[in-house]
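Q: To start, I am sharing the structure in question, which I have written as C-alpha cells.
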Amino acid sequence: MSIFDPGVDRFAEIPVASLAYLGDAVYELHVRLKYLQPPRSPNAYHKLVVSDVRAESQARQLDRLELTASESDLVRRGRNAAGSASRQIDPNIYQKATGFEALIGYLYLSDRDRLARILQQTDNET
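Here the sequence shown is numbered in numbering that gives the first Met the number 0, starting from 0 and rising by one per residue.
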C-alpha cells in the first residue's frame, strides 16, 4: 500500500518527523527555484538559499502565516516532535522551524493549492 493510494486519511499514519523531513526538501527546492533567475554563481545561489532555509528564517515565516486550526495543530505536533537542535540554535527556534517544515510536507502531500498560497506568503515576506 502506498501513501498515494486512495484512502480516507492516507497521511494520518505518516510520522510528523517524516513530514518535516519532506517539508525541508520541498521548501528548499521552492527557495532554489525562486533564486534561479537571474543567473548567479553557485556560491551566490548557495548564500541566498541558505539565508532563507535556515531555522531562524523558517521560524519567522511561521510567525507571519495565517493558519487554519488544523494547520496550527499540525505545526504544534511538529514542534513537539523536533529532535535536539544544534548548540548554536535556540531550541524554540528549532522547534518552530520543524513545525513549519512539517506543515510544508503535509501540504505538499495533501493540498498543493494551499501549499502554493503558503509559499506565496513566504515569498512576499522576503
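Built from N, CA and C at the ideal position, the CB exists for glycine as well. None of these values were measured; they are calculated from a predicted model.
First and last residue of the alpha helix (DSSP H) that includes R39?
A: Here R39 belongs to no alpha helix (DSSP H), and DSSP marks it neither H nor E.
Q: Are there three or more Cβ pairs, one per stretch, closer than 8 Å when the segment 87-105 is compared with the segment 43-62?
A: Enough Cβ pairs lie closer than 8 Å, so yes.
Q: Assuming E27 is part of the alpha helix (DSSP H), what are its boundary residues?
A: It spans V15 to K33 - the alpha helix (DSSP H) in which E27 sits, taken as one unbroken run.
Q: Flag this pair as touching only if the segment 113-123 and the segment 73-90 have three or more C-beta atom pairs under 8 Å; answer yes or no.
A: Flag = no, the segment 113-123 and the segment 73-90 do not touch.
Q: With respect to the alpha helix (DSSP H) encompassing I88, which residues constitute its N-terminal and C-terminal limits?
A: I88 -> no alpha helix (DSSP H), and no H or E assigned at all.
Q: Does DSSP put S83 in a helix, a strand or coil?
A: If DSSP states are grouped into helix, strand and coil, S83 belongs with coil.
Q: With DSSP run on the structure shown, which of helix, strand or coil describes L73?
A: Reduced to three states, the DSSP call for L73 is helix.
Q: Among S17, P37 and Y105, whose alpha-carbon lies nearest the alpha-carbon of D72?
A: Minimum Cα distance to D72 is reached at Y105.
Q: Helix, strand or coil: which one does DSSP assign to D110?
A: Note: D110 maps to coil in three-state DSSP.
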